[in-house]
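Residue numbers (my numbering), protein chains in the order written: chain A, 1 to 295; chain B, 296 to 889.
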């Protein structure tokens, strides 16, 4: 077992990348609209399937497919905000939460209608039928794992730079913090919300495209990815973007370690218990500050 | 009676007739019979969720967990366990069902207790986690059959007669009818009125004396119990249960039924369950289109038709009868158990700190019974903070508070209200969806005597309690000359009326101490003089009044005593005349002329 640990941690970080992007997306949508988007996991699958379509039917390169899926995710997010989240938010927070749950059904069974209910493979980013592998210090490292972690870092960096360093990113944060104040200084709050949701969905689609070659995309996998993304967000702290990303990775690692030690069946219930335990013991998350938990 | 209960009373006879006709004629077709049976089973679980979501505004995406607990408990006790031969089959079934409901209720209590810590989306996630953990446990437990679950669960058996096929249909609908009647009792009773108040405004509910935590926990336990009961019916009808049948998708299906049918009350839940059960069987050919359509329907319904199918049907034949006030009450308005004490309020060294700000700073005073005292001071002086501390909404950081000679420093607001403290808010927090009469009835909550059990069973006590609250509210409205507004929804009230109704609500429990926060703000001259008369009449009836007010003419006119708060400290305290001439007070209001 002990020799396995670094191997399992690496595998955990790889699946955790997907959870981290889901968690970050949940955070961004929550901050902008005060709604928890239960459909975030399904957007990962839709993104992965879009990339699969670009590669398989349009014969695009993987990189073009990644860019295409991310952009398509952005557009899908704009539509989602306008068609579902915005009108639902007017009917109240409870209604908005229920509408996102309805969206899970639409996406989950909707992509099965289009792509079938079996998961589809995405090609490895380094090309080839089989992925390149190296053994480093006894740990077997696949090229795709390196790609996943590098691209995750890139996505996180880009998100950080956008929200922290660009004027428009700051305007979006201002709109989220104080909508009335933002309106008074001339920020289009509705558009800021739409862009936030679009970015969150684009991140999910990006995540689906990069983990797709390892996990396959499609089927009912989105439900588990979505829920584990939540666990990550709660573990790290819903109100903290860094916490969400770190929490997602941590959940991936915990999951793989548990699977390695006790088998697949035990890992899931334990991870879900972690959600309830964190909510009870430290609802602000590992990275959140006390007192920031809003209703 | 709230709008939802009224809608149930109107729709349920039609539903019952529909079920009977369905059972007699349509059920010759085996598929249709199956759909009808599932409609009742899921309908029972949906009623519980509907009460939770629509009447108390608490979401749960974990109801499948309770359903699973009920199904597994019954399955385990009737199929896995070997009973001694002396125990007849009907007793095994009965014990199995009772255990199923008891276990689900217990877990509902626990989840309800946990849920108190969360609101909105945190609650959604906590309940989701609960459901997932339940399925995980079912899947892992060898005793419960692991991934393949429990099979060979017998039909409910009474003597030589096993309930299956057509008999199942009548049996589950009989149970559903019993559940519907009990739920209707509950919602018509004091419990239902407490739910309605909580749904409208939790804080206001608490300050009129509703123990909101207890009622919320009860609602979770009730919803859990019904889901557990439904699960046990499911297991014995189908003969088996496995983890995949009680997963997240069942939780979401139940939510969907409630939303489509209309959350709140019974008929919406039953309609939604029927709709989904029939669509599930007949829409089988649609395969994945079916859930996609459900999803789209849910989104459209929550956005455009928040009251669902039931709301739509109720609107189709609504009667607009105005409600008649009951005759003058038999019981006189004065409360017998009103404590005869010299002072209703004693504050000792109360301080309240918000971070670095000391909002209330070592305030002490005693109010003499039957007097009217005004608390004045510039904005931000800490007046409302002090009010909140007195009625338990925001506890003091240090110091002690006594109501009628009992220390209440650590008490929750509803307990303080029950001691005889009424309060109005600066921004008039009425229960917006309720009528004026219902608002004032809610104020009488602490005087009522009817618990969960008597409400659920519709005992005479529950009816008496409602009649009492109604008569009491009618009396108070008459006393304040507001009876013409009795059937007006609170959200349609004019501003000045809203203020007066809030005062009426606070008076309905016949409190010994009344805390009134800026009652004159925004009133016109006419309304002010009426307010003045009301306040003086209340004082004359022996109540102790503490008033926050900025209208100095009113304050100086009606107060026996005036206290001045500035930066959290009491800087003056005396008769209106002495306070008016106090140099420190003048400087606080006008600035010093140095």
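Glycine is no exception: its CB is placed at the ideal position from the N, C-alpha and C atoms.
This structure is a prediction, so every number in the text was calculated from the model and none was measured.
Does residue 97 (chain A) come within less than 8 Å of chain B when only Cβ atoms are used?
Locating residue 97 (chain A) in the first chain gives position 97, where the first residue counts as 1. Answer yes: the Cβ-Cβ gap between residue 97 (chain A) and chain B drops below 8 Å somewhere.
Kindly list the residues whose CB is nearer than 6 Å to the CB of residue 784 (chain B), restricted to its own chain and excluding five residues on each side of it in sequence; keep chain order.
As a working mapping, residue 784 (chain B) is identified with position 489 in the second chain. So the list reads 730, once near-sequence residues are dropped.
Minimum length 3: unbroken beta strand (DSSP E) runs contained in the segment 672-730 of chain B:
693-698 and 716-719
Hey, does residue 259 (chain A) have any beta-carbon neighbour from chain B nearer than 8 Å?
Working through the first chain from its first residue, we reach residue 259 (chain A) at position 259. Cβ-Cβ to chain B under 8 Å: no for residue 259 (chain A).
What three-state label does DSSP hand residue 282 (chain A) in the structure shown?
Residue 282 (chain A) sits at position 282 when you count from the first residue of the first chain. Residue 282 (chain A) falls in the coil class under three-state DSSP.
Is residue 350 (chain B) buried or exposed, if buried means 16 or more other CB atoms sit within 10 Å of its CB?
The residue given as residue 350 (chain B) occupies position 55 in the second chain. Under this definition residue 350 (chain B) is a buried residue.
Starting from residue 417 (chain B), find everything on chain A with Cβ-Cβ shorter than 7 Å and list it in chain order.
Taking the second chain and counting its residues from 1, one reaches residue 417 (chain B) at position 122. Chain A residues near residue 417 (chain B): 279 and 283.
Please work out which residues of its chain come closer than 8 Å, Cβ to Cβ, to residue 679 (chain B), disregarding the five sequence neighbours upstream and downstream, and give them in chain order.
As a position in the second chain, residue 679 (chain B) is number 384, starting the count at 1. Result list for residue 679 (chain B): 721, 812 and 843, in chain order.
Flag residue 434 (chain B) as yes if its beta-carbon sits less than 8 Å from any beta-carbon of chain A, otherwise no.
Position 139 of the second chain, counted from the first residue, corresponds to residue 434 (chain B). Yes - at least one Cβ of chain A is within 8 Å of the one on residue 434 (chain B).
C-alpha gap between residue 464 (chain B) and residue 532 (chain B), whole angstroms:
Walking along the second chain from the start, residue 464 (chain B) turns up at place 169. Walking along the second chain from the start, residue 532 (chain B) turns up at place 237. About 9 Å.
Which one of A:284, A:250, A:58 and A:103 has the shortest CA to CA distance from residue 271 (chain A)?
For the purposes of this step, residue 271 (chain A) is identified with residue 271 of the first chain, where counting begins at 1. Of the listed residues, the one whose Cα sits closest to residue 271 (chain A) is A:250.
First through last residue of the beta strand (DSSP E) which encompasses residue 639 (chain B)
For the purposes of this step, residue 639 (chain B) is taken as residue 344 along the second chain, with counting starting at 1. Unbroken beta strand (DSSP E) run through residue 639 (chain B): 638-649.
Pull up the distance between the alpha-carbon of residue 390 (chain B) and that of residue 372 (chain B), whole angstroms please.
As a first step, residue 390 (chain B) is located in the second chain; it is residue number 95 there, counting from the start. As a first step, residue 372 (chain B) is located in the second chain; it is residue number 77 there, counting from the start. Approximately 8 Å, taken between the alpha carbons.
Cβ neighbour criterion (16 or more within 10 Å) applied to residue 325 (chain B):
Against the second chain, residue 325 (chain B) aligns to sequence position 30. Answer is exposed; the Cβ neighbour count stays below 16.
Distance, residue 210 (chain A) Cα to residue 173 (chain A) Cα:
Numbered from its first residue, the first chain carries residue 173 (chain A) at position 173. Numbered from its first residue, the first chain carries residue 210 (chain A) at position 210. When rounded, the distance between both Cα atoms is 27 Å.
Check whether residue 67 (chain A) and residue 248 (chain A) have beta carbons under 8 Å apart
Taking the first chain and counting its residues from 1, one reaches residue 67 (chain A) at position 67. Taking the first chain and counting its residues from 1, one reaches residue 248 (chain A) at position 248. No, they are not a contact pair.
Quickly, what does DSSP pair residue 855 (chain B) with across the bridge? List them, please.
Looking up residue 855 (chain B) in the second chain gives position 560. Residue 855 (chain B) is not bridged to any residue.
Cα separation between residue 10 (chain A) and residue 299 (chain B)?
Residue mapping note: residue 10 (chain A) aligns to position 10 of the first chain, counting from 1. Residue mapping note: residue 299 (chain B) aligns to position 4 of the second chain, counting from 1. Answer to the nearest angstrom: the Cα atoms are 55 Å apart.
Excluding five sequence neighbours on each side, which residues of the same chain lie with their C-beta closer than 7 Å to the C-beta of residue 27 (chain A)?
As a first step, residue 27 (chain A) must be located in the first chain, where it is residue number 27. So the list reads 233, 238, 241 and 244, once near-sequence residues are dropped.
If you draw a straight line from the alpha carbon of residue 506 (chain B) to that of residue 573 (chain B), how long is it in whole angstroms?
Taking the second chain and counting its residues from 1, the one referred to as residue 506 (chain B) is at position 211. Taking the second chain and counting its residues from 1, the one referred to as residue 573 (chain B) is at position 278. Near 40 Å, if we compare the C-alpha coordinates of residue 573 (chain B) and residue 506 (chain B).
I need the straight-line Cα distance from residue 630 (chain B) to residue 315 (chain B), nearest angstrom please.
Along the second chain, read from residue 1 onward, the residue named residue 630 (chain B) stands at position 335. Along the second chain, read from residue 1 onward, the residue named residue 315 (chain B) stands at position 20. The predicted model places residue 630 (chain B) with a pLDDT of 49, which falls under 50 and marks its position as unreliable, so this point remains unresolved.
Considering Cα atoms alone, identify which of A:222, A:246 and A:197 is closest to residue 46 (chain A).
Here residue 46 (chain A) refers to the residue found at position 46 of the first chain. The option with the nearest alpha carbon to residue 46 (chain A) is A:222.
Length of the line joining the Cα atoms of residue 451 (chain B) and residue 246 (chain A):
Here residue 451 (chain B) is taken as the residue at index 156 of the second chain, counted from 1. Here residue 246 (chain A) is taken as the residue at index 246 of the first chain, counted from 1. The alpha-carbon atoms of residue 451 (chain B) and residue 246 (chain A) are separated by roughly 52 Å.
List the residues of chain A that residue 593 (chain B) touches, going by C-beta distances under 8 Å, in chain order.
For the purposes of this step, residue 593 (chain B) is identified with residue 298 of the second chain, where counting begins at 1. Under the 8 Å cutoff, chain A gives 98, 99, 101, 102 and 105.
Closer than 8 Å by C-beta to residue 625 (chain B): which residues in its own chain qualify, once you throw out the five before and the five after it? Chain order, please.
Here the question's residue 625 (chain B) lines up with position 330 in the second chain. Residue confidence is low: residue 625 (chain B) scores 47 on pLDDT, short of 50, so the model does not pin down where it sits. Its coordinate-derived value is still stated next. So the qualifying residues of the chain are 766.
Okay, do the segment 600-612 of chain B and the segment 650-658 of chain B touch, 3+ Cβ pairs below 8 Å being the bar?
no
With DSSP run on the structure shown, which of helix, strand or coil describes residue 867 (chain B)?
As a first step, residue 867 (chain B) is located in the second chain; it is residue number 572 there, counting from the start. Three-state result, residue 867 (chain B): strand.
Close Cβ partners of residue 874 (chain B) (< 7 Å) along its chain, the five nearest in sequence each way excluded
Taking the first residue of the second chain as position 1, residue 874 (chain B) is located at position 579. Taken in chain order, the residues that qualify are 857, 859, 867 and 880.
For residue 487 (chain B), does the count of other Cβ atoms within 10 angstroms reach 16, so buried, or fall short, so exposed?
By 1-based counting over the second chain, the position of residue 487 (chain B) is 192. Buried, since its Cβ has 16 or more Cβ neighbours within 10 Å.
So, does the CB of residue 49 (chain A) fall closer than 8 Å to a CB anywhere in chain B?
Along the first chain, one-based indexing puts residue 49 (chain A) at 49. With 8 Å as the cut-off, residue 49 (chain A) does not count as an interface residue toward chain B.
Inter-residue spacing [alpha-carbon to alpha-carbon] between residue 117 (chain A) and residue 123 (chain A):
Taking the first residue of the first chain as 1, we reach residue 117 (chain A) at position 117. Taking the first residue of the first chain as 1, we reach residue 123 (chain A) at position 123. Spanning the two alpha carbons is a distance of roughly 19 Å.
Contact the segment 555-573 of chain B vs the segment 329-346 of chain B: 3+ CB pairs below 8 Å
yes
Using a C-beta cutoff of 8 Å, does residue 518 (chain B) count as contacting chain A?
One-based indexing of the second chain puts residue 518 (chain B) at position 223. Chain A contact via Cβ: absent.
Interface residues of chain A around residue 362 (chain B) at Cβ under 9 Å?
To locate residue 362 (chain B), count along the second chain from 1; it is residue 67. Per Cβ cutoff of 9 Å: no residues; residue 362 (chain B) is ~17 Å from chain A at best.
Spatial distance of residue 484 (chain B) from residue 16 (chain A) (CA atoms):
Counting from 1 along the second chain, the entry for residue 484 (chain B) is found at position 189. Counting from 1 along the first chain, the entry for residue 16 (chain A) is found at position 16. Distance between the alpha carbons of residue 484 (chain B) and residue 16 (chain A): 51 Å.
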